[in-house]
Structures are given as C-alpha cells and as structure tokens.
Amino acid sequence: MSLLFWNTISNYNQSTWVAQLIICVIGIILTTLIYIKPTKTVKVLLKIFLSFSFAWISIAFFIMHGSNELNKYLTATLFGVIALLFFIDIFKNNIIFERNKRFNKLVFILYILFLSYPLISLIFGHAYPAITTWLMPCPLVVYSITLLISFSTRVDYKILILLIFWALTGLPKIFMFGVPEDFILLISGILSSFIWILIIKKKEN
C-alpha cells in the first residue's frame, strides 16, 4: 500500500509540476498580502484561491491520479465540498479574515511545519518526483487550518469541522502509507481542535 501511495504521488508530480508551481506562487503572493495589506479584494481573491485549490485536489489529485475508488469518489467529494463552501463564502462572508494575534507563535510554527513537507520527504529517503509538495491534500489542509487560526475572529465552522476531520485522520495514514510527514497533519488537527474549543468558550463567556 505504501508503494502504491508513493507511485500516485510520483505520477501526480510528474503530470502537474508546472501547474503546481504556478498555483503555489499565487498562494504565496496572496498569503503575504492577507497579512500586510488585507483589502477586500485580497480577501475575495484568497477565498477564490482556496476554493480553486481544494477543487484542484479533488479533481487533479484524487479523481485523475487516485489509486482506488475510495480516492476517486469519497475523498474527492470531501475536498469538492470544501471547495464549494469556500466559493459560497465569497458571497456569504462568514470568514472575514480579521486577525487574531493571540496564537501568533503557534501560527508561525504551523507555517514552518507546512513548508517543511518536501524537506521531510527528502530526509526520509524519498526523491523527486516521489515527495510530498505543498499542493497535496494534507499540506493544503494544514495550510488552511493555520490560516483560519491566524484569522479566527470569525470563520465558517462547516469548513473548519471538515478540515479538522481530515487532519485527525492523519495517524492511520502515517503507518498505512508510510508517510511520517503526516505527523504534521495530525498535530495541526489536535492543536486546532484545542484552540477552537478555547475560542468558542471565550465567546460564550
């Protein structure tokens, strides 16, 4: 199962590396802008980017390169639903991207962990194209969770619950597919669950 997983990763990277590069550059630009110049336009563009990225994973990763029917339908549907919810939020504006600086140190650590995905693959003996990149299901979820923690003044809890659900499934993936990188996913799921419990309790008080 581990070999099948890494073959899927390899095929995906070989087929989509140019698109991945372009999408990641756009993501870096928008992420930088949301912190230094969070205009209404930037906020809308970031939601479009998130919607597109989850749709991309649903189609390009799971449907086009998925190794089994579970990937092609169940997990693709989950990421498709998240993509749709981010798109709907462009109009509903449940996520307002207003900073909550209370968790700045944790956010910084989570961003570093997110960025380290490819490096961890290399450390554990993998070589391109069989390495995890930023535009894959688990890194994208870690990035999105980190972003929502950083801008946690108001969020769409439907999206948050789906992201945390996926993150908390990281433990079996680590051993089933031989992906130690997904300790990052599991950590982000546990930490975000704890943080959101604190945030909700504070709002109730």
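Numbers 1 to 205, taken from full-length UniProt numbering, label the letters of the sequence shown in order. For every residue, glycine included, the Cβ atom is placed at its ideal position computed from N, Cα and C. This structure is a prediction, so every number in the text was calculated from the model and none was measured.
Where does residue i land, buried or exposed, given buried means 16+ other C-beta within 10 angstroms?
i, result
"residue 61", "buried"
"residue 136", "buried"
"residue 146", "buried"
"residue 47", "buried"
Rounded C-beta distance between residue i and residue j? I'm assuming under 8 Å.
i, j, result
"residue 155", "residue 188", "That belief does not hold up - the Cβ atoms of residue 155 and residue 188 are roughly 15 Å apart, past 8 Å."
"residue 49", "residue 26", "6 Å"
"residue 42", "residue 33", "5 Å"
Helix, strand or coil for residue i? Go by DSSP, reduced to three states.
i, result
"residue 131", "coil"
"residue 86", "helix"
"residue 124", "coil"
"residue 136", "coil"
"residue 180", "helix"
"residue 154", "coil"
"residue 172", "helix"
"residue 68", "coil"
"residue 38", "coil"
"residue 96", "coil"
Taking Cβ to Cβ, would you say residue i is nearer than 7 Å to residue j?
i, j, result
"residue 79", "residue 58", "yes"
"residue 166", "residue 24", "no"
"residue 117", "residue 132", "yes"
"residue 104", "residue 152", "no"
"residue 129", "residue 2", "no"
"residue 193", "residue 161", "no"
"residue 83", "residue 63", "no"
Between the stretch 83-97 and the stretch 169-183, are three or more C-beta pairs nearer than 8 Å?
no
Below 8 Å, can you find three or more Cβ-Cβ pairs linking the stretch 114-128 to the stretch 179-188?
yes
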